[in-house]
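According to this note's numbering, the stretch in the sequence shown is residues 2 to 168, in order. Remarks on the structure that follows.
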Amino acid sequence: MATKNLSAYDLNSVPDGKDMKFGIVVSEWNYEITGALARGAVETLKKHGVKDDDILVNHVPGSFELTLGGQFFAEYTDVDSIILLGCVIQGETRHFDFICQGVAKGATDLNIKYNLPVIFGILTTDNQQQALDRAGGKLGNKGDEAAVTAIKMVSLQKNFESEIQIE
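Structural data, given as structure tokens:
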């Protein structure tokens with residue numbers, strides 16, 4: 002079990018996001034959870050200087066569809082990073098395993114194919130309470146963590162790109 006608050010981080014360790022643009026793909030399945038993750042991500046991006054117009058949010062039916070939604074952002078927009086937000090809760094069948102593995106592989110493939118930070122903000126929990134605890138509950142909000150990760154990865158990529166241009 003996670004012992005760390007997902008919303009806790011050093012504010013000074015996060016670069017300014019004012020010139021960055023983000024796409025957020027949110028699963029409609031388990032929306033009580035995923036909506037809270039999305040609100041956390043958007044608020045955190047804004048807290049770090051990202052303008053409203055530079056935060057694009059789209060919804061997909063379920064977590065399995067997150068990667069195709071991410072691909073649409075990569076192909077049809079000029080975002081600097083894509084945040085995938087979903088929640089898969091363990092059930093009685095192996096469906097959980099297939100969805101989690103598919104989305105994790107899909108997110109990794111998008112990172113590599115598009116050379117773009119694609120952030121895995123999908124909760125994979127044993128039960129509803131664990132998901133609530135990680136969507137603004139006692140363990141913070143994974144949406145906050147995903148947004149901070151996105152800003153840091155965009156900054157890292159921009160730093161590498163600027164070093165290459167200097168040489």
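Every residue gets a Cβ at the ideal spot worked out from N, C-alpha and C, and that includes glycine.
Exposure label - residue i; buried when at least 16 CB within 10 Å
| i | result |
| --- | --- |
| residue 118 | buried |
| residue 162 | exposed |
| residue 95 | exposed |
| residue 131 | buried |
Any C-beta of chain D under 8 Å from that of residue i
| i | result |
| --- | --- |
| residue 47 | This model lacks chain D altogether; it includes just one protein chain. |
Beta-carbon gap between residue i and residue j smaller than 8 Å
| i | j | result |
| --- | --- | --- |
| residue 169 | residue 26 | The requested residue 169 is not part of the displayed model; the chain covers only 2 to 168. |
| residue 142 | residue 37 | yes |
| residue 85 | residue 50 | no |
| residue 61 | residue 67 | yes |
Endpoints, the alpha helix (DSSP H) within which residue i is located
| i | result |
| --- | --- |
| residue 112 | 96–115 |
| residue 132 | 129–134 |
| residue 15 | First-last for residue 15: undefined, no H or E at that position. |
Nearest-angstrom beta carbon gap, residue j and residue i [assumed within contact, 8 Å]
| i | j | result |
| --- | --- | --- |
| residue 7 | residue 145 | 6 Å |
Sequence-distant residues of the same chain with beta carbon closer than 8 Å to residue i, five excluded per side
| i | result |
| --- | --- |
| residue 134 | 140 |
Spatial neighbours of residue i in its chain, beta-carbon cut-off 7 Å, leaving aside the 5 residues before and after
| i | result |
| --- | --- |
| residue 65 | 100, 103, 104 |
Residue i: first and last residue of the uninterrupted beta strand (DSSP E) it sits in
| i | result |
| --- | --- |
| residue 78 | Run containing residue 78: none; DSSP gives neither H nor E here. |
| residue 43 | Counting along the chain, residue 43 falls outside any beta strand (DSSP E), though it belongs to the alpha helix (DSSP H) covering 32–48. |
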